[in-house]
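For reference, the structure discussed in these notes is given below.
Numbering (the numbering used here), first residue to last: 337 to 494.
Structure follows, in structure tokens:
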């Protein structure tokens, strides 16, 4: 009888330990979330797979700490969309974006840097949050150089 009680207690403790160890941090997501923060009234130029795009971005962890920002450098990143040159969350989350559009991407670790992370700034298993603005598509750019400023950055939920 005592052995059965002891095994029951041990099982409950083991299950509680497993549940605590696998609990996700607040703000983590399991699927890509795309929030459109600004969309131009007309969408004459749209980003498609294979296009060369220029994107301004601010990358944050779920605790709000910024790990990288092209806005502060004044230098948007340029890459081929869908070509695997950036994390999968970007290749998927920027598809169909209009020139001048602003999106907030919440990217699960499986579409970001995975369980290994990108030390020292991005821990393993991290959900990534990006404020993005499409600045150019195949050489076509915005006529004005207006970008998402700190004041315009919308930190609300998607």
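A virtual CB, placed ideally from N, CA and C, is assigned to each residue, including glycine.
task: Below 6 Å CB to CB, which residues in the same chain sit around residue 347 once its five sequence neighbours on both sides are set aside?
output: Here residue 347 scores only 46 on pLDDT, less than 50, and its place in the model is too uncertain to base an answer on.
task: Have a look at 469, 435, 428 and flag the residue whose alpha-carbon is nearest the alpha-carbon of residue 448.
output: Considering only 469, 435, 428, the residue with the shortest C-alpha distance to residue 448 is 428.
task: Determine the direct distance from the alpha carbon of residue 387 to that of residue 436, and round the result to whole angstroms.
output: When rounded, the distance between both Cα atoms is 15 Å.
- request: Would you give the residue range spanned by the beta strand (DSSP E) that residue 421 belongs to?
  value: In this chain, residue 421 is not harboured by any beta strand (DSSP E), its DSSP state being neither H nor E.
message: So, does the region 367 to 385 touch the region 398 to 409, judging by three or more C-beta pairs under 8 Å?
response: The region 367 to 385 vs the region 398 to 409: no contact.
query: Between the Cα of residue 463 and the Cα atoms of 419, 423, 444, 371, which residue gives the shortest distance?
result: It is 444 whose Cα lies nearest to the Cα of residue 463.
query: For residue 371 versus residue 442, is the C-beta spacing smaller than 9 Å?
result: It is a contact, given that the beta carbons lie within the stated cut-off.
query: Along the chain, where does the alpha helix (DSSP H) that runs through residue 408 open and close?
result: Its alpha helix (DSSP H) spans residues 406 to 409.
field: Integer Cβ distance of residue 373 from residue 440, believed to fall under 8 Å
entry: With a Cβ gap of about 6 Å, residue 373 and residue 440 count as contacting.
Range covered by the beta strand (DSSP E) that runs through residue 392: Run containing residue 392: 388 to 397, per the beta strand (DSSP E) assignment.
message: Please tell me whether residue 398 and residue 430 are closer than 9 Å, where the distance is taken between their beta carbons.
response: By the CB criterion at 9 Å, residue 398 and residue 430 fall outside the cutoff.
query: Where residue 501 and residue 364 are concerned, what is the direct C-alpha to C-alpha distance, given to the nearest angstrom?
result: Past the edges of the chain, shown from 337 to 494, lies residue 501, and the structure says nothing about it.
query: Near residue 405, what residues of its chain come up, given a Cβ to Cβ distance below 8 Å and the 5 sequence neighbours on each side ignored?
result: The answer, listed in chain order, is 393, 394, 395.
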